[in-house]
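Asker: First the structure, which I've put down as C-alpha coordinates, then a few questions once you've had a look.
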Amino acid sequence: MKNPITVSKYVSVLNVPSRNPAADLLSSGLNICMSGSATSCEECLLIHPSCAWCAQERRSLTSRCDLKQNLQKRGCEPRFIEYPRSTISVLQNSPLSTKGSGPAQYDVVQIMPQRISLSLRPGDQTAFSLQVRQVEDYPVDLYYLMDLSLSMKDDLDTIRNLGTKLAEEMGKLTSNFRLGFGSFVDKNMSPFSYTAPKYQENPCNGYKLFPNCVPTFGFRHILSLTDKVDRFNEEVQKQMVSRNRDAPEGGFDAILQAAVCKEEIGWRKEAYHLLVFATDDVPHLALDGRLGGLVQPHDGRCHLNNHNEYSASTKMDYPSLALLGEKLAENNIFLIFAVTKRLYNFTALIPGTTVEILDQDSKNVIQLIIAAYNNIRSKVELTVSDHPEDISLSFTATCQDGKPLPGFRKCADLKIGETVNLLYLPGGTCSLQPPFVV
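Structure, rendered in C-alpha coordinates:
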(Lines of atoms letter the chains of each structure in order from A and count residues from 1; the text may use other names and numbers.)
(Lines give C-alpha, C1' and ligand atoms only; values in the text may rest on other atoms or scores of the structure.)
Protein backbone atom coordinates (compact mmCIF):
# COMPACT_ATOMS: atom_id res chain seq x y z
CA MET A 1 0.00 0.00 0.00
CA LYS A 2 1.39 3.33 -0.94
CA ASN A 3 1.32 5.82 1.88
CA PRO A 4 1.60 9.42 0.68
CA ILE A 5 -0.47 10.38 3.67
CA THR A 6 -0.56 13.88 4.93
CA VAL A 7 0.55 11.89 7.93
CA SER A 8 -0.80 12.37 11.38
CA LYS A 9 -1.01 10.52 14.55
CA TYR A 10 -2.85 7.49 15.74
CA VAL A 11 -5.61 5.11 14.71
CA SER A 12 -8.28 3.46 16.89
CA VAL A 13 -9.70 0.03 16.12
CA LEU A 14 -13.37 -0.21 15.24
CA ASN A 15 -15.64 -3.09 16.17
CA VAL A 16 -17.22 -4.61 13.07
CA PRO A 17 -20.57 -6.36 13.65
CA SER A 18 -20.33 -10.08 13.05
CA ARG A 19 -22.05 -11.30 9.92
CA ASN A 20 -24.17 -14.40 9.59
CA PRO A 21 -24.45 -14.90 5.83
CA ALA A 22 -26.12 -18.28 6.21
CA ALA A 23 -28.99 -16.76 8.16
CA ASP A 24 -29.29 -14.04 5.55
CA LEU A 25 -29.58 -16.65 2.80
CA LEU A 26 -32.38 -18.52 4.55
CA SER A 27 -34.30 -15.56 5.98
CA SER A 28 -36.36 -15.28 2.79
CA GLY A 29 -36.87 -19.03 2.53
CA LEU A 30 -34.51 -19.25 -0.43
CA ASN A 31 -31.29 -21.25 -0.39
CA ILE A 32 -29.28 -19.45 -3.05
CA CYS A 33 -26.52 -22.07 -2.97
CA MET A 34 -28.88 -24.74 -4.30
CA SER A 35 -30.80 -22.45 -6.62
CA GLY A 36 -27.62 -21.49 -8.46
CA SER A 37 -27.44 -24.86 -10.27
CA ALA A 38 -23.67 -25.03 -9.77
CA THR A 39 -22.02 -27.97 -11.51
CA SER A 40 -18.47 -27.42 -10.27
CA CYS A 41 -16.66 -26.37 -7.14
CA GLU A 42 -15.62 -23.06 -8.68
CA GLU A 43 -19.16 -22.18 -9.75
CA CYS A 44 -20.44 -23.02 -6.29
CA LEU A 45 -17.93 -20.94 -4.38
CA LEU A 46 -18.59 -17.95 -6.62
CA ILE A 47 -22.31 -17.90 -5.76
CA HIS A 48 -21.97 -16.65 -2.18
CA PRO A 49 -19.38 -16.67 0.65
CA SER A 50 -21.62 -19.07 2.65
CA CYS A 51 -21.77 -21.74 -0.02
CA ALA A 52 -19.73 -24.95 0.30
CA TRP A 53 -19.01 -27.76 -2.15
CA CYS A 54 -18.98 -31.47 -1.46
CA ALA A 55 -16.26 -33.24 -3.43
CA GLN A 56 -17.78 -36.59 -2.46
CA GLU A 57 -20.36 -38.07 -4.84
CA ARG A 58 -23.33 -39.34 -2.80
CA ARG A 59 -26.84 -40.17 -3.90
CA SER A 60 -28.22 -38.60 -0.76
CA LEU A 61 -27.07 -35.19 -1.94
CA THR A 62 -29.65 -33.47 -4.11
CA SER A 63 -27.07 -30.76 -4.67
CA ARG A 64 -23.34 -30.83 -4.03
CA CYS A 65 -23.47 -27.04 -3.56
CA ASP A 66 -25.17 -26.06 -0.32
CA LEU A 67 -24.62 -24.51 3.06
CA LYS A 68 -21.85 -26.30 4.94
CA GLN A 69 -24.14 -27.55 7.72
CA ASN A 70 -26.64 -28.93 5.20
CA LEU A 71 -23.92 -30.90 3.41
CA GLN A 72 -22.83 -32.43 6.71
CA LYS A 73 -26.41 -33.36 7.64
CA ARG A 74 -26.83 -35.11 4.31
CA GLY A 75 -23.78 -37.28 4.83
CA CYS A 76 -20.91 -35.45 3.17
CA GLU A 77 -17.79 -36.21 5.16
CA PRO A 78 -16.02 -33.06 6.51
CA ARG A 79 -12.79 -33.94 4.70
CA PHE A 80 -14.60 -33.68 1.36
CA ILE A 81 -16.19 -30.29 2.02
CA GLU A 82 -14.59 -27.36 0.22
CA TYR A 83 -15.33 -24.25 2.25
CA PRO A 84 -12.46 -21.75 2.03
CA ARG A 85 -12.50 -18.88 4.47
CA SER A 86 -11.10 -15.41 4.06
CA THR A 87 -7.91 -14.97 6.05
CA ILE A 88 -5.72 -12.08 7.07
CA SER A 89 -2.08 -12.34 8.16
CA VAL A 90 0.15 -9.57 9.45
CA LEU A 91 3.54 -9.89 7.74
CA GLN A 92 5.28 -6.84 9.22
CA ASN A 93 4.21 -4.97 12.33
CA SER A 94 7.06 -2.78 13.56
CA PRO A 95 6.07 -0.35 16.34
CA LEU A 96 5.40 3.29 15.54
CA SER A 97 8.30 5.69 15.94
CA THR A 98 8.12 8.59 18.36
CA LYS A 99 10.72 10.84 16.71
CA GLY A 100 11.77 11.36 13.14
CA SER A 101 15.33 12.57 13.69
CA GLY A 102 18.18 11.47 15.89
CA PRO A 103 21.92 10.73 16.05
CA ALA A 104 21.47 7.23 14.59
CA GLN A 105 20.04 6.40 11.17
CA TYR A 106 16.92 4.27 11.36
CA ASP A 107 13.68 3.73 9.49
CA VAL A 108 10.94 5.98 10.78
CA VAL A 109 7.66 4.08 11.13
CA GLN A 110 4.49 6.16 10.84
CA ILE A 111 1.98 3.47 9.87
CA MET A 112 1.32 0.14 11.61
CA PRO A 113 1.11 -2.61 10.49
CA GLN A 114 3.32 -2.16 7.44
CA ARG A 115 2.50 -5.33 5.43
CA ILE A 116 -0.60 -7.53 5.49
CA SER A 117 -1.57 -10.55 3.40
CA LEU A 118 -5.25 -11.07 2.60
CA SER A 119 -6.91 -14.09 1.06
CA LEU A 120 -10.53 -13.28 0.21
CA ARG A 121 -13.42 -15.37 -0.97
CA PRO A 122 -15.49 -13.75 -3.73
CA GLY A 123 -18.17 -11.55 -2.22
CA ASP A 124 -16.69 -11.82 1.27
CA GLN A 125 -15.19 -9.00 3.27
CA THR A 126 -12.77 -8.54 6.12
CA ALA A 127 -11.43 -5.60 8.06
CA PHE A 128 -8.23 -4.45 9.71
CA SER A 129 -7.12 -1.30 11.46
CA LEU A 130 -4.15 0.92 10.66
CA GLN A 131 -2.49 3.14 13.22
CA VAL A 132 -0.98 6.31 11.80
CA ARG A 133 1.23 8.69 13.73
CA GLN A 134 2.75 12.03 12.85
CA VAL A 135 6.10 11.75 14.59
CA GLU A 136 7.92 14.64 16.19
CA ASP A 137 11.03 16.18 14.66
CA TYR A 138 10.54 14.59 11.26
CA PRO A 139 13.13 15.57 8.59
CA VAL A 140 12.07 18.17 6.03
CA ASP A 141 13.37 18.67 2.48
CA LEU A 142 12.29 22.00 0.98
CA TYR A 143 12.95 22.84 -2.64
CA TYR A 144 12.33 26.49 -3.54
CA LEU A 145 11.28 26.79 -7.17
CA MET A 146 11.21 30.41 -8.29
CA ASP A 147 9.86 32.22 -11.30
CA LEU A 148 12.73 34.36 -12.63
CA SER A 149 10.77 36.22 -15.27
CA LEU A 150 11.33 39.98 -15.30
CA SER A 151 8.26 40.79 -13.21
CA MET A 152 9.76 38.84 -10.28
CA LYS A 153 12.87 41.04 -9.93
CA ASP A 154 11.74 42.63 -6.65
CA ASP A 155 10.93 39.15 -5.26
CA LEU A 156 14.42 37.93 -6.15
CA ASP A 157 15.95 40.86 -4.28
CA THR A 158 13.83 40.00 -1.23
CA ILE A 159 14.83 36.32 -0.97
CA ARG A 160 18.59 36.77 -1.38
CA ASN A 161 19.05 35.99 2.33
CA LEU A 162 16.03 33.73 2.63
CA GLY A 163 18.05 30.60 3.45
CA THR A 164 19.32 31.79 6.82
CA LYS A 165 15.98 33.14 8.00
CA LEU A 166 14.01 30.15 6.77
CA ALA A 167 16.43 27.71 8.42
CA GLU A 168 16.04 29.56 11.72
CA GLU A 169 12.25 29.27 11.61
CA MET A 170 12.21 25.67 10.39
CA GLY A 171 14.74 24.82 13.10
CA LYS A 172 11.93 25.40 15.59
CA LEU A 173 9.97 22.59 13.93
CA THR A 174 12.66 20.08 12.97
CA SER A 175 16.35 19.54 13.70
CA ASN A 176 16.87 17.98 10.28
CA PHE A 177 16.17 20.55 7.55
CA ARG A 178 17.57 20.75 4.04
CA LEU A 179 17.04 23.43 1.42
CA GLY A 180 17.42 23.48 -2.37
CA PHE A 181 16.81 25.95 -5.17
CA GLY A 182 15.70 25.95 -8.79
CA SER A 183 14.32 28.52 -11.22
CA PHE A 184 12.25 28.74 -14.38
CA VAL A 185 11.01 31.18 -17.01
CA ASP A 186 9.40 29.56 -20.07
CA LYS A 187 10.09 27.69 -23.29
CA ASN A 188 12.65 29.61 -25.35
CA MET A 189 10.62 29.53 -28.55
CA SER A 190 7.89 31.51 -30.26
CA PRO A 191 5.26 32.51 -29.26
CA PHE A 192 6.28 32.08 -25.60
CA SER A 193 9.57 34.02 -25.75
CA TYR A 194 11.34 36.61 -27.89
CA THR A 195 13.19 34.68 -30.60
CA ALA A 196 14.61 37.41 -32.84
CA PRO A 197 18.45 37.23 -33.01
CA LYS A 198 18.90 40.45 -31.02
CA TYR A 199 17.05 38.87 -28.07
CA GLN A 200 18.91 35.55 -27.92
CA GLU A 201 21.65 36.71 -25.54
CA ASN A 202 19.65 39.50 -23.92
CA PRO A 203 15.85 39.26 -24.18
CA CYS A 204 15.63 42.60 -22.34
CA ASN A 205 17.38 44.34 -25.22
CA GLY A 206 15.65 47.69 -25.80
CA TYR A 207 13.58 47.46 -22.61
CA LYS A 208 14.22 50.82 -20.95
CA LEU A 209 13.18 49.92 -17.40
CA PHE A 210 15.58 46.98 -17.22
CA PRO A 211 17.84 46.73 -20.29
CA ASN A 212 19.94 43.69 -19.27
CA CYS A 213 18.89 40.15 -18.37
CA VAL A 214 19.97 36.55 -18.98
CA PRO A 215 18.76 34.42 -21.92
CA THR A 216 15.36 32.78 -21.54
CA PHE A 217 15.40 29.21 -20.18
CA GLY A 218 12.82 26.58 -19.29
CA PHE A 219 13.90 25.09 -15.93
CA ARG A 220 17.29 25.21 -14.26
CA HIS A 221 18.19 23.11 -11.21
CA ILE A 222 20.65 25.26 -9.27
CA LEU A 223 21.19 23.81 -5.79
CA SER A 224 20.54 20.25 -4.62
CA LEU A 225 19.01 19.83 -1.19
CA THR A 226 21.59 20.64 1.48
CA ASP A 227 21.78 21.52 5.16
CA LYS A 228 24.32 24.24 4.35
CA VAL A 229 21.92 27.15 4.08
CA ASP A 230 24.74 29.58 3.27
CA ARG A 231 25.02 27.78 -0.06
CA PHE A 232 21.41 28.68 -0.76
CA ASN A 233 22.10 32.35 -0.09
CA GLU A 234 25.21 32.27 -2.28
CA GLU A 235 23.39 30.71 -5.23
CA VAL A 236 20.43 33.06 -4.98
CA GLN A 237 22.81 36.03 -4.91
CA LYS A 238 24.15 34.93 -8.31
CA GLN A 239 20.77 34.77 -10.01
CA MET A 240 19.46 37.26 -12.55
CA VAL A 241 16.00 37.56 -14.02
CA SER A 242 15.11 36.85 -17.63
CA ARG A 243 12.20 37.76 -19.88
CA ASN A 244 9.49 35.89 -21.75
CA ARG A 245 6.85 37.15 -24.13
CA ASP A 246 3.41 36.12 -22.90
CA ALA A 247 1.94 36.40 -19.41
CA PRO A 248 1.74 32.67 -18.49
CA GLU A 249 4.98 31.02 -17.39
CA GLY A 250 6.53 27.58 -17.87
CA GLY A 251 6.24 26.64 -14.22
CA PHE A 252 4.54 23.28 -14.72
CA ASP A 253 7.52 22.07 -16.74
CA ALA A 254 9.69 23.00 -13.76
CA ILE A 255 7.41 21.41 -11.14
CA LEU A 256 7.41 18.09 -12.96
CA GLN A 257 11.19 18.03 -13.32
CA ALA A 258 11.65 18.91 -9.64
CA ALA A 259 9.32 16.03 -8.74
CA VAL A 260 10.74 13.26 -10.94
CA CYS A 261 14.47 14.09 -10.94
CA LYS A 262 14.82 12.59 -7.46
CA GLU A 263 18.55 11.92 -7.45
CA GLU A 264 19.46 15.28 -8.95
CA ILE A 265 17.27 17.22 -6.51
CA GLY A 266 18.31 15.00 -3.59
CA TRP A 267 14.92 14.06 -2.13
CA ARG A 268 15.38 11.76 0.86
CA LYS A 269 13.19 8.73 1.45
CA GLU A 270 12.59 9.53 5.11
CA ALA A 271 11.63 13.20 4.95
CA TYR A 272 8.74 15.50 4.20
CA HIS A 273 9.08 16.73 0.63
CA LEU A 274 7.97 20.35 0.29
CA LEU A 275 8.08 21.98 -3.14
CA VAL A 276 7.52 25.74 -2.90
CA PHE A 277 6.43 27.21 -6.23
CA ALA A 278 6.82 31.01 -6.21
CA THR A 279 5.37 32.98 -9.13
CA ASP A 280 3.32 36.06 -9.98
CA ASP A 281 1.32 34.60 -12.86
CA VAL A 282 -0.51 31.50 -14.02
CA PRO A 283 1.38 28.68 -15.75
CA HIS A 284 0.92 27.23 -19.19
CA LEU A 285 -1.03 23.96 -19.29
CA ALA A 286 -1.01 20.91 -21.54
CA LEU A 287 -1.96 21.70 -25.16
CA ASP A 288 -0.58 25.25 -24.89
CA GLY A 289 2.60 23.87 -26.43
CA ARG A 290 0.76 23.31 -29.69
CA LEU A 291 0.86 27.07 -30.21
CA GLY A 292 4.57 26.56 -30.78
CA GLY A 293 4.18 23.35 -32.76
CA LEU A 294 4.84 20.97 -29.84
CA VAL A 295 2.48 18.05 -30.38
CA GLN A 296 4.34 15.44 -28.32
CA PRO A 297 2.70 15.07 -24.88
CA HIS A 298 4.96 15.21 -21.86
CA ASP A 299 6.32 11.76 -20.99
CA GLY A 300 6.59 12.42 -17.24
CA ARG A 301 10.32 11.65 -17.11
CA CYS A 302 13.41 13.49 -15.92
CA HIS A 303 15.19 15.42 -18.68
CA LEU A 304 18.04 17.29 -17.00
CA ASN A 305 21.24 17.61 -19.02
CA ASN A 306 24.83 17.92 -17.77
CA HIS A 307 24.20 21.58 -16.99
CA ASN A 308 21.15 20.69 -14.87
CA GLU A 309 18.82 22.36 -17.37
CA TYR A 310 15.57 20.95 -18.72
CA SER A 311 16.64 19.59 -22.10
CA ALA A 312 13.15 18.77 -23.46
CA SER A 313 11.73 22.26 -22.99
CA THR A 314 11.36 22.88 -26.74
CA LYS A 315 10.59 19.24 -27.62
CA MET A 316 7.52 18.35 -25.55
CA ASP A 317 4.27 20.01 -24.55
CA TYR A 318 3.62 21.29 -21.04
CA PRO A 319 2.44 18.60 -18.58
CA SER A 320 -1.23 18.20 -17.74
CA LEU A 321 -2.75 18.65 -14.29
CA ALA A 322 -3.37 14.89 -14.15
CA LEU A 323 0.26 14.09 -14.92
CA LEU A 324 1.48 16.58 -12.33
CA GLY A 325 -0.80 15.12 -9.69
CA GLU A 326 0.33 11.60 -10.51
CA LYS A 327 4.05 12.39 -10.28
CA LEU A 328 3.73 14.49 -7.12
CA ALA A 329 1.82 11.68 -5.40
CA GLU A 330 4.19 9.04 -6.74
CA ASN A 331 7.14 10.86 -5.16
CA ASN A 332 5.32 11.97 -1.99
CA ILE A 333 5.75 15.68 -2.66
CA PHE A 334 3.59 18.40 -1.13
CA LEU A 335 3.27 21.31 -3.53
CA ILE A 336 2.93 24.79 -2.03
CA PHE A 337 1.78 27.46 -4.47
CA ALA A 338 3.19 30.80 -3.28
CA VAL A 339 1.38 33.10 -5.70
CA THR A 340 0.55 36.80 -5.89
CA LYS A 341 -2.82 36.30 -7.56
CA ARG A 342 -5.90 34.33 -6.59
CA LEU A 343 -6.02 32.58 -9.94
CA TYR A 344 -5.16 29.07 -8.82
CA ASN A 345 -8.56 27.43 -8.34
CA PHE A 346 -7.45 24.63 -10.66
CA THR A 347 -4.98 23.47 -8.01
CA ALA A 348 -7.89 21.69 -6.33
CA LEU A 349 -7.45 19.17 -9.15
CA ILE A 350 -3.94 18.36 -7.89
CA PRO A 351 -4.18 16.37 -4.63
CA GLY A 352 -1.97 17.48 -1.76
CA THR A 353 -1.47 21.08 -2.89
CA THR A 354 -1.65 24.22 -0.77
CA VAL A 355 -2.18 27.74 -2.10
CA GLU A 356 -0.82 30.73 -0.18
CA ILE A 357 -0.96 34.37 -1.29
CA LEU A 358 2.47 35.92 -1.69
CA ASP A 359 3.09 39.63 -1.16
CA GLN A 360 4.14 41.51 -4.28
CA ASP A 361 7.76 41.54 -3.07
CA SER A 362 7.69 38.11 -1.33
CA LYS A 363 8.27 39.64 2.12
CA ASN A 364 5.84 37.19 3.70
CA VAL A 365 7.34 34.08 2.12
CA ILE A 366 8.71 32.61 5.38
CA GLN A 367 5.39 33.01 7.21
CA LEU A 368 3.68 31.53 4.17
CA ILE A 369 5.91 28.44 4.16
CA ILE A 370 5.55 27.88 7.91
CA ALA A 371 1.76 28.19 7.68
CA ALA A 372 1.60 25.73 4.80
CA TYR A 373 3.89 23.27 6.62
CA ASN A 374 1.76 23.40 9.77
CA ASN A 375 -1.36 22.87 7.69
CA ILE A 376 0.17 19.80 6.06
CA ARG A 377 1.32 18.38 9.39
CA SER A 378 -2.16 18.76 10.90
CA LYS A 379 -3.77 16.25 8.55
CA VAL A 380 -3.61 12.54 7.87
CA GLU A 381 -5.18 10.91 4.83
CA LEU A 382 -4.88 7.34 3.62
CA THR A 383 -4.73 6.69 -0.11
CA VAL A 384 -4.46 3.31 -1.82
CA SER A 385 -2.97 2.75 -5.25
CA ASP A 386 -2.58 -0.23 -7.57
CA HIS A 387 -5.05 -2.49 -5.79
CA PRO A 388 -6.71 -5.29 -7.83
CA GLU A 389 -9.78 -4.13 -9.75
CA ASP A 390 -11.97 -6.87 -8.28
CA ILE A 391 -11.30 -5.69 -4.74
CA SER A 392 -13.70 -3.04 -3.46
CA LEU A 393 -12.52 -0.85 -0.59
CA SER A 394 -14.20 1.15 2.14
CA PHE A 395 -12.79 3.13 5.06
CA THR A 396 -13.74 4.37 8.50
CA ALA A 397 -11.68 7.01 10.29
CA THR A 398 -11.54 7.42 14.05
CA CYS A 399 -10.04 10.80 14.85
CA GLN A 400 -9.29 12.71 18.06
CA ASP A 401 -12.81 12.54 19.50
CA GLY A 402 -12.89 8.75 19.23
CA LYS A 403 -16.04 8.71 17.08
CA PRO A 404 -15.98 6.45 14.00
CA LEU A 405 -16.65 8.22 10.71
CA PRO A 406 -17.77 5.65 8.12
CA GLY A 407 -16.73 6.57 4.60
CA PHE A 408 -13.96 8.92 5.77
CA ARG A 409 -10.27 8.21 5.25
CA LYS A 410 -8.69 11.32 6.79
CA CYS A 411 -8.42 13.31 10.02
CA ALA A 412 -7.60 17.00 10.45
CA ASP A 413 -6.57 19.46 13.18
CA LEU A 414 -4.10 16.98 14.63
CA LYS A 415 -1.20 17.79 16.90
CA ILE A 416 2.32 16.47 16.54
CA GLY A 417 2.69 13.08 18.22
CA GLU A 418 -0.99 12.15 18.16
CA THR A 419 -2.21 8.91 16.63
CA VAL A 420 -5.41 8.19 14.70
CA ASN A 421 -7.14 5.02 13.53
CA LEU A 422 -8.19 4.16 10.00
CA LEU A 423 -10.28 1.04 9.43
CA TYR A 424 -9.61 -0.53 6.07
CA LEU A 425 -12.35 -2.79 4.72
CA PRO A 426 -11.52 -4.72 1.53
CA GLY A 427 -14.06 -6.99 -0.11
CA GLY A 428 -13.80 -9.38 -3.05
CA THR A 429 -16.29 -9.07 -5.90
CA CYS A 430 -15.58 -11.33 -8.84
CA SER A 431 -12.99 -14.01 -9.32
CA LEU A 432 -11.40 -16.26 -6.73
CA GLN A 433 -8.78 -14.21 -4.95
CA PRO A 434 -5.13 -15.17 -4.52
CA PRO A 435 -3.37 -13.69 -1.48
CA PHE A 436 -3.37 -9.90 -1.70
CA VAL A 437 -0.38 -8.29 0.02
CA VAL A 438 -1.02 -4.80 1.37
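FYI, in this note's numbering the residues of the sequence shown are 1 to 438.
C-beta atoms are modelled at their ideal positions from N, C-alpha and C, and glycine is treated no differently.
1. Which residues does DSSP list as the beta-bridge partners of residue 92?
2. Can residue 216 and residue 193 be called in contact, C-beta distance under 8 Å?
3. Would you say the stretch 129-143 touches the stretch 409-422, given that touching needs at least three Cβ pairs under 8 Å?
4. What is the DSSP secondary structure of residue 209, counted as helix, strand or coil?
5. Are the CB atoms of residue 34 and residue 60 within a distance shorter than 8 Å?
6. Just curious, the alpha helix (DSSP H) that residue 33 is in, first and last residue?
7. Taking only three categories from DSSP, how would you classify residue 309?
8. Which one of 112, 82, 89 and 87 has the shortest CA to CA distance from residue 441?
9. Measure from the alpha carbon of residue 254 to the alpha carbon of each residue in 303, 241 and 244, then state which is nearest.
10. Between which two residues does the alpha helix (DSSP H) holding residue 144 run?
11. Give the straight-line distance between the Cα atoms of residue 460 and residue 278, rounded to the nearest whole angstrom.
12. Can you tell me whether residue 284 is buried or exposed? The criterion is at least 16 other CB atoms within 10 Å of its CB, across all chains shown.
13. DSSP state of residue 339, grouped into three classes?
14. Between residue 295 and residue 317, what straight-line distance do the alpha-carbon atoms span, to the nearest angstrom?
15. Suppose the cutoff is 8 Å on Cβ atoms and the five residues either side in sequence are ignored; what does the same chain contact list for residue 311 look like?
16. Identify the continuous beta strand (DSSP E) that holds residue 232 and give its terminal residues.
17. Identify, in the order they occur along the chain, each residue of the same chain with its Cβ nearer than 8 Å to the Cβ of residue 331, setting aside the five sequence neighbours on each side.
18. Kindly confirm or deny that the stretch 323-330 and the stretch 219-231 touch, where touching means at least three C-beta pairs closer than 8 Å.
Answerer: Let me lay it out:
1. 115
2. yes
3. yes
4. coil
5. no
6. 32-35
7. strand
8. Past the boundaries of the shown model lies residue 441; the chain is included only from 1 to 438, so the question cannot be answered.
9. 303
10. Run containing residue 144: none in the alpha helix (DSSP H); it sits in the beta strand (DSSP E), 140-147.
11. Residue 460 is absent from the structure shown; the chain starts at 1 and stops at 438.
12. buried
13. strand
14. 6 Å
15. 303, 304 and 305
16. First-last for residue 232: 229-238, but that is the alpha helix (DSSP H), not the beta strand (DSSP E).
17. 259, 260, 262, 267 and 273
18. no
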